[in-house]
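What follows is a set of notes on a single structure, which appears directly below.
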Amino acid sequence: MNNHTHSPRPTLNLFRARGLFALIIAWSFSGPALANEDQSFQALRDWIDAAPAADAMPAAGTHLGIADRDEFLVSLIPRSAWPYYIFDDMDMEVAAHGDYPPPPDWGKAVDPDYRLDERGVLIDFKGAGFPFPDVSDNDPDAAAKVVWNMLWRPGQDDFDMPMVTWLRGENGQLDRKLEYTSVSSTYARGEHCLVDGYEDVKSKRVMEFRSPRDMAGAKDMKISYVDHDREDSGWLYLPAQRKPRRTLASERTSELMGMDMIREDLNGFSGKMFENNWTYLGRRAVLATINVRDNPEFGGPHLWVPHKARWEVRDTHVVMVEPKSPDHPYSSRIIFIDAETYWTHWMFAFDREDNQLLRMNQHYLKYSESYATEQPQQAPYVKQDFSDNVGHFVFLHLGETDINAKKPHATLTHCYVKKRDFSPARAQQFYSLRNMISGRR
Amino acid sequence: MIFRLPQAFAPCLGLFLYLACSPSMAIVTLGENIELEGFLRLQNMVRTAEFDDAELIMQRNTAQLESKYYFLRDSEAFGRFNTGPLEEATLTLTGRGVYDSVYDMRGIYDDAPAPGSPGRDELEMREAFVDLLLPPFTLRLGRQQVVWGETDNFRALDVINPLDLTWHWARESWEDIRIPLWMARGIYDIGKFAWLDESFIEAIWIPADFRPNKIATDPRQPWAFTGNGLRETANSIVINNTLLNLNLSVLDKHPERELGNGQGGFRFKAIWGDIDFSLNYFYGFSGDTGVRVREDLSRTVGDTLHRTIELVNPRSHVVGFTANYSEERFTQSVFRMETAFTSGVPVALAADAPTSVDGDRDQFDTARRTVVMVAVDRPTWIKPLNSTRTVFLSTQVFWRHYLDYNPHYRGIPTVENAQVGGIDLPGRFVSNNTDRLDRDEFVITFSASTSYGAAGLIQPSFVFAIDPRSTGAYNRLAVDYFWSDNILLRLQQDLYWQAVDNDPGPWALGDIWGKSDQNNRNETNFSLIFQF
Chain A
1 MNNHTHSPRP
11 TLNLFRARGL
21 FALIIAWSFS
31 GPALANEDQS
41 FQALRDWIDA
51 APAADAMPAA
61 GTHLGIADRD
71 EFLVSLIPRS
81 AWPYYIFDDM
91 DMEVAAHGDY
101 PPPPDWGKAV
111 DPDYRLDERG
121 VLIDFKGAGF
131 PFPDVSDNDP
141 DAAAKVVWNM
151 LWRPGQDDFD
161 MPMVTWLRGE
171 NGQLDRKLEY
181 TSVSSTYARG
191 EHCLVDGYED
201 VKSKRVMEFR
211 SPRDMAGAKD
221 MKISYVDHDR
231 EDSGWLYLPA
241 QRKPRRTLAS
251 ERTSELMGMD
261 MIREDLNGFS
271 GKMFENNWTY
281 LGRRAVLATI
291 NVRDNPEFGG
301 PHLWVPHKAR
311 WEVRDTHVVM
321 VEPKSPDHPY
331 SSRIIFIDAE
341 TYWTHWMFAF
351 DREDNQLLRM
361 NQHYLKYSES
371 YATEQPQQAP
381 YVKQDFSDNV
391 GHFVFLHLGE
401 TDINAKKPHA
411 TLTHCYVKKR
421 DFSPARAQQF
431 YSLRNMISGR
441 R
Chain B
1001 MIFRLPQAFA
1011 PCLGLFLYLA
1021 CSPSMAIVTL
1031 GENIELEGFL
1041 RLQNMVRTAE
1051 FDDAELIMQR
1061 NTAQLESKYY
1071 FLRDSEAFGR
1081 FNTGPLEEAT
1091 LTLTGRGVYD
1101 SVYDMRGIYD
1111 DAPAPGSPGR
1121 DELEMREAFV
1131 DLLLPPFTLR
1141 LGRQQVVWGE
1151 TDNFRALDVI
1161 NPLDLTWHWA
1171 RESWEDIRIP
1181 LWMARGIYDI
1191 GKFAWLDESF
1201 IEAIWIPADF
1211 RPNKIATDPR
1221 QPWAFTGNGL
1231 RETANSIVIN
1241 NTLLNLNLSV
1251 LDKHPERELG
1261 NGQGGFRFKA
1271 IWGDIDFSLN
1281 YFYGFSGDTG
1291 VRVREDLSRT
1301 VGDTLHRTIE
1311 LVNPRSHVVG
1321 FTANYSEERF
1331 TQSVFRMETA
1341 FTSGVPVALA
1351 ADAPTSVDGD
1361 RDQFDTARRT
1371 VVMVAVDRPT
1381 WIKPLNSTRT
1391 VFLSTQVFWR
1401 HYLDYNPHYR
1411 GIPTVENAQV
1421 GGIDLPGRFV
1431 SNNTDRLDRD
1441 EFVITFSAST
1451 SYGAAGLIQP
1461 SFVFAIDPRS
1471 TGAYNRLAVD
1481 YFWSDNILLR
1491 LQQDLYWQAV
1501 DNDPGPWALG
1511 DIWGKSDQNN
1521 RNETNFSLIF
1531 QF
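Here's what the structure looks like:
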């Protein structure tokens, strides 16, 4: 895989050619305990630069444990995540590099009349393919193009997704458990729109809480637009008020409902391109839960991270995002986006106050075609037929770990995704303000 | 103070302890189609007039069970019958039982109203409705709540369901104090047309279920509305410096349950540009009850005046407009507005109003009134207070205006000691109404809320409401703590105060409940809630 990686900086290529040097760096990282806990921005940058040699990868079928720390783990798990992802009884099954083709018609219905403006904003793109199927490492807009591909990746909508979220403190202390369901549909489908007349809409989503009871019945509807400059429209129905309330979209930096994430953290980055400066940091091999067998159990000292899950070594684009606003809580965030599928694997955000890790997230994915041979768990509160997921040729988001390193605290989510295709008429009915004026109570 | 634990309370406490000690449980699912949720709430309230003493005035124990039965999914009913265009249907039932044990626990309330009186106990099916989805039409049939408008905790367009103000005025979640009504609510989704988006039209019909707002007037009840005076019942009247006993006969003229007394309305809602708006009309009865004095039925026998009054709820038209707009660029705020025109508002006339104003001498009139509300919501960073989460700030300004104002309009009557020749007569009380309504009335509200703790389990809030004309104000300081997903601890302090004078104002804020007398209602409220 690393034979295909490139870097805009020659020195990095030199580093990549020298696996021994990488091992030395890895050894130095695995030294004193204090160094192990270094979760600074610079430490992660150094780790990114110290890429392992292509022949220093674990073989398929290997189960990585703590004994493999120096040989594989420290070089393939981003340094900021070591305190959580490397632990005594850890068990990472490493699978062979998978081939995950996109839907057969992906890219064929793209309306070609679009462009990237000087702010890095994608103008007039309407979906149905990656806006930038080929991203060159030397492209000065590589960072923005990678993120645009992530934002328009196949499979990010069109599902029923019951979810369970656990909010855990240290030592596995369970503070809260939330159950809710998200239903979303892609409207912008290239040369046509799901519902005629809604060509300005990118996607619509309705999410409804089921428990605990103080949140049960609360639901929100979000409309995202093709025009990136236009803020989302949102309404929140609260059973206690028995009516919808208009919500503000442009505040994206507050923690959500006690969860260890901000709205901008969703999928690694869900903010506005023009509010940030973008830097492409090259490619980096990382371990990723890109095609898990099942919703992973949680392990580690605090039960925050996937345990006994199936991982792969994946080639990723590494993108650095620096918010322009001095009031933003992050000095920067670094995102590892899969170089083939453009799904986010890891995101690390650093505190503007001290450049230490503030929040991170890591995502568990499952390829739709793998449902033919292995199906993940059913949601604890609804049974779904997952067999229809086969044939979509997309990834399904089976969950994520979100950690606030400063608290410290984590939010763990399992998603139970079933692909769903709305008819135009049904979509118009379901994703409507009419549907937001009443709820389960 | 002697407490007696009533036998009826013991099973309640036992059930709560059992559930509290059980493993964390969420909503209960029976089979694949029935869901149960609910709560058990133990609400304890002490009145702290001078903050040097506390009087337990409420120990309200509430059990609520909510169920939803999904009997029709994907056009198939009960798993076997094809229903064609009828795609989904559910049955929702919400039952509530209430027992306020303070009456049995405190000897001081031995002469309190009998069981079954407002606020003391309750057992009812609050909501029971069927939802039917036949796209693009949806229908909800049954006993339900319908809320219109953009305001929080204010009656302008939100007048379809009356309120039960008997047990804690309007200081509870309105979801819990609205009185559900039997009605049909249909919504036809239009969607996009012309320059409008997300449009729909909604119609409601309440065939025969009128209920007025409920207010407790028995001064022995903690939240009796006795006006800006003594917590007594008027038993006398002074006419020409002569004291008479007052024997009041009340004729309840509330609309009967018959089709001729139906209520209904419609609303058109849509988005124009980025502005979400609605046009509303409701034809019903005033939820506020007026008092019409029947001089023709009153008579004096000996030293007793037998006075007859009628309780009436006039026919009312409510026409309104609402809008909201999320301004994302400059203010990062959501702006809301609501305006309503209401006819048939019952008002009292002064007893000495001239015949040109009160020709039939019934001390009663109806008025037309408008309300304009503007509001701003803003999630705001206040980093010194909270470095990880915004504080949600919300403020509302209400202006209520009498279109056909009369200076003889009167507001809240006052019970005073009866006097003859300037001397107080012990045990004798008269009702007087010198509270002249203003043509224009205002109230401003402000609230702030946020959450603390790693998982946001500590949720403080602050509420402030002030009537700028009377300077009467109300504050609530509250904090919710989620001890677990199932157990919520809630502590609230309500404060009433007034900057100047003693004008009670139209909103029952400030002075009327803030004085250091028996009307004082500064309260501390501690609730223990088990939810599932």
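Protein sequences appear in the order of chains A and B. Counting in this note's numbering, the first sequence runs from 1 upward without gaps. Counting in this note's numbering, the second sequence runs from 1001 upward without gaps. For each residue, glycine too, the CB sits at the ideal point set by N, CA and C.
Endpoints, the beta strand (DSSP E) within which Arg-1299 of chain B is located: Boundaries of the beta strand (DSSP E) harbouring Arg-1299 of chain B: 1290-1301, taken from the DSSP string.
Ile-1512 of chain B (DSSP reduced to helix, strand or coil): Three-state DSSP puts Ile-1512 of chain B in a helix.
Gly-127 of chain A vs Trp-152 of chain A beta-carbon contact at 8 Å: Using a Cβ distance threshold of 8 Å, Gly-127 of chain A and Trp-152 of chain A count as a contacting pair.
CA nearest to the CA of Ala-1454 of chain B, picked from A:Lys-407, A:Ile-437, A:His-317, A:Gly-65: The option with the nearest alpha carbon to Ala-1454 of chain B is A:Lys-407.
Contact list for Lys-407 of chain A against chain B, beta-carbon separation under 7 Å: Simply Ala-1454.
Closer than 8 Å to chain B by CB, Gln-429 of chain A: Interface residue (Cβ-Cβ distance to chain B less than 8 Å): Gln-429 of chain A is classified as such.
Minimum length 3: unbroken beta strand (DSSP E) runs contained in the stretch 117-186 of chain A: Secondary structure within the stretch 117-186 of chain A: the beta strand (DSSP E) runs of 3 or more consecutive residues, fully enclosed, are 159-168, 174-186 (chain order).
Whole-angstrom C-beta distance between His-1408 of chain B and Ala-1499 of chain B, which should lie under 8 Å: A Cβ-Cβ distance of about 28 Å is found for the pair Ala-1499 of chain B and His-1408 of chain B, leaving them out of contact under the 8 Å criterion.
Beta-carbon gap between Arg-1126 of chain B and Thr-1083 of chain B smaller than 8 Å: No, Cβ-Cβ distance for Arg-1126 of chain B and Thr-1083 of chain B is not below 8 Å.
Gly-300 of chain A - DSSP class collapsed to helix/strand/coil: Residue state, collapsed to three classes: coil.
Residues of the stretch 184-216 of chain A whose Cβ lies closer than 8 Å to any Cβ of chain B, in chain order: Along the stretch 184-216 of chain A, the positions whose C-beta sits under 8 Å from a C-beta of chain B are Gly-197, Tyr-198, Arg-210, Ser-211, Pro-212, Arg-213, Asp-214, Ala-216, read in chain order.
Local Cβ density within 10 Å of Asn-1486 of chain B, reported as buried at 16 or more and exposed below that: So Asn-1486 of chain B ends up on the buried side.
Leu-248 of chain A burial status per 10 Å Cβ neighbour count (16 or more: buried): Buried: at least 16 other Cβ atoms inside 10 Å.
Beta-carbon proximity list for Ala-109 of chain A, same chain, < 8 Å, skipping 5 on both sides: Only Ala-128, Gly-129, Arg-189, Gly-190, Glu-191, His-192 meet the Cβ criterion.
Under 8 Å between C-beta atoms of Gly-1038 of chain B and Phe-1532 of chain B: Yes, the pair counts as a contact, with Cβ atoms nearer than the cut-off.
Cα-Cα separation between Ile-1271 of chain B and Asp-229 of chain A, rounded to whole angstroms: The alpha-carbon of Ile-1271 of chain B is positioned some 19 Å away from that of Asp-229 of chain A.
Paired residues, beta bridge with Asp-220 of chain A - DSSP: BP columns for Asp-220 of chain A point to A:Met-207, A:Leu-236.
8 Å Cβ shell around Leu-1425 of chain B - same chain, five flanking residues per side excluded: Ser-1236, Leu-1243, Asn-1417, Ala-1418, Gln-1419.
Asp-1517 of chain B versus Thr-1226 of chain B - alpha carbon distance: Their Cα atoms are separated by approximately 13 Å.
Simplified DSSP state of Ala-968 of chain B, which is helix, strand or coil: Past the edges of chain B, shown from 1001 to 1532, lies residue 968 of chain B, and the structure says nothing about it.
Proximal residues, the stretch 1062-1078 of chain B versus chain A, C-beta separation under 8 Å: Result list: Glu-1066, Lys-1068.
Where the beta strand (DSSP E) containing Tyr-1099 of chain B begins and where it ends: Element bounds for Tyr-1099 of chain B: 1088-1100.
Cβ of Asp-175 of chain A within 8 Å of any chain B Cβ: Yes, Asp-175 of chain A counts as interfacial toward chain B.
Where Pro-32 of chain A falls: helix, strand or coil (DSSP): At Pro-32 of chain A the pLDDT is 38, less than 50, meaning the model places this residue with poor confidence and gives no usable figure here.
Trp-1497 of chain B vs Gly-1505 of chain B beta-carbon contact at 8 Å: For Trp-1497 of chain B and Gly-1505 of chain B, no; Cβs fall outside 8 Å.
Cβ-Cβ separation, Glu-264 of chain A to Thr-253 of chain A (assumed contact under 8 Å), whole Å: Indeed, because the Cβ distance is near 6 Å, the residues count as touching under 8 Å.
Through-space distance from Gln-1263 of chain B to Phe-1210 of chain B, alpha-carbon basis: Going from the Cα of Phe-1210 of chain B to the Cα of Gln-1263 of chain B covers about 8 Å.
Terminal residues of the beta strand (DSSP E) in which Trp-1497 of chain B lies: Residue range 1487-1498 is occupied by the beta strand (DSSP E) that includes Trp-1497 of chain B.
Unbroken alpha helix (DSSP H) run spanning Asp-46 of chain A, endpoints: That run of the alpha helix (DSSP H) goes 41-49.
At least 3 beta-carbon pairs within less than 8 Å: the stretch 1135-1148 of chain B vs the stretch 1182-1197 of chain B: Short answer: they touch.
Same chain, Cβ closer than 8 Å to Gly-31 of chain A, five either side skipped, listed in chain order: Note that Gly-31 of chain A scores a pLDDT of 38, beneath 50, so its modelled location is shaky and nothing firm can be said.
Where Asn-73 of chain A sits in the DSSP three-state scheme: According to the sequence displayed, residue 73 of chain A carries Leu and not Asn. Leu-73 of chain A falls in the helix class under three-state DSSP.
Nearest-angstrom beta carbon gap, Val-94 of chain A and Pro-58 of chain A [assumed within contact, 8 Å]: Your pair Pro-58 of chain A and Val-94 of chain A checks out as a contact, with CB atoms roughly 5 Å apart and the cut at 8 Å.
Residues that DSSP places opposite Asp-1061 of chain B in a beta bridge: Reading off the sequence, residue 1061 of chain B comes out as Asn, not Asp. Its beta-bridge partners are B:Leu-1042, B:Tyr-1099.
Buried or exposed (CB count within 10 angstroms, at least 16 for buried), Lys-383 of chain A: The C-beta of Lys-383 of chain A has fewer than 16 other C-beta atoms within 10 Å across all chains shown, which makes the residue exposed.
Nonlocal neighbours in the same chain, by C-beta distance under 7 Å from Phe-348 of chain A, ignoring five residues either side: Leu-44, Pro-78, Ser-80, Arg-333, Ile-334, Leu-357, Met-360.
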